[in-house]
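Just below is one structure, and these are the notes that go with it.
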Amino acid sequence: MSTPVYLVDDDAAVRDGLCLLLSTVGMRVTAFPGPEAFLQALPALEPGCLILDIRMPVISGLKLQERLIGAGTRWPTVVITGHGDIEACRKAFRNGAIDFLSKPVDEQDLIDAIQKGQTALADAMARAAERAETRALIAALTPRECEVLSLVARGFATRDIAAALEVSSRTVESHRAAIGAKLGTSSAAEMTRLWIEAEAAP
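Structure representation (structure tokens):
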């Protein structure tokens, strides 16, 4: 099933026209008459691609972008406007927009932009799932195994780790073997990659 598309525009004619267009190419579109309605529905929505009108009463498309970023929601966004200007375009891209289209919107340009956003979202979700899986693996390590792994990730050799932790090299090797069994790899390079990935910001 395709990634959902959420259209936020206060112009009913635009909403109806774009919903019809996108539904004809198999996209699942949910339209909202303004940012307030979208924000109210947001907690129940699955991640998707946004189409935002830049100029709406009360909350503009740019302000909505900023509020979503503040809430940790970074979904691919296509900004559309009938009143485009360079500064608005700059702000939209700074806020993470993947495209900025002027009304009347070229149909193929919009479809292409949404498909680009859907691909980007799928990639981001896959990376997030991989990070979550890695963090779960790291969480299964004992505190001492975490200490050893952190030193492995910093490039320390077994003897250096033993000296740092004031244990024998044999004990360090035992910990490394246990870490390797839990992480599914005995490679120092792969252990390092997993440690860095687990430490990375979501």
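So the mapping is simple: this note's numbering equals the position in the sequence shown, first residue as 1, plus 1. All C-beta atoms in this analysis are idealised placements derived from N, C-alpha and C, irrespective of residue type, glycine included.
C-beta atoms of residue i and residue j nearer than 7 Å
i, j, result
"Ser170", "Arg177", "no"
"Arg155", "Glu198", "no"
"Gly49", "Tyr7", "yes"
"Val207", "Leu43", "Because the chain in this structure spans residues 2 to 203, residue 207 falls outside the shown range and cannot be described."
"Gly97", "Arg128", "no"
"Ala163", "Val149", "no"
"Ile112", "Val80", "no"
"Leu122", "Thr4", "yes"
"Lys64", "Gly83", "no"
"Pro77", "Ile99", "yes"
Those residues which DSSP pairs with residue i across a bridge
i, result
"Ile204", "With the chain running from 2 to 203 in the structure shown, residue 204 is simply not present."
"Ser103", "Thr82"
"Ala98", "Thr78"
"Ala32", "Leu8"
Status (buried if at least 16 other CB within 10 Å, exposed otherwise) for residue i
i, result
"Arg16", "buried"
"Val106", "buried"
"Leu46", "exposed"
"Gly118", "buried"
"Pro58", "exposed"
"Ala190", "exposed"
"Pro36", "buried"
Minimum C-alpha distance to residue i - residue among the options
i, options, result
"Leu22", "Ile87, Ala13, Gln109", "Gln109"
"Ile139", "Ile180, Asp100, Gly118", "Ile180"
"Leu40", "Thr193, Gly71, Ala14", "Gly71"
"Met28", "Ser175, Ala13, Gly35, Leu19", "Leu19"
"Val26", "Phe101, Gly185, Ile115", "Ile115"
"Glu134", "Thr143, Thr120, Leu184, Lys92", "Leu184"
"Leu62", "Leu102, Ala130, Ala165", "Before going on, a small fix: residue 62 reads as Gly here, not Leu. It is Leu102 whose Cα lies nearest to the Cα of Gly62."
"Glu146", "Val168, Thr120, Phe33, Met126", "Val168"
"Ala201", "Arg136, Thr31, Ala165", "Arg136"
"Gln66", "Ala130, Thr186, Phe94", "Phe94"
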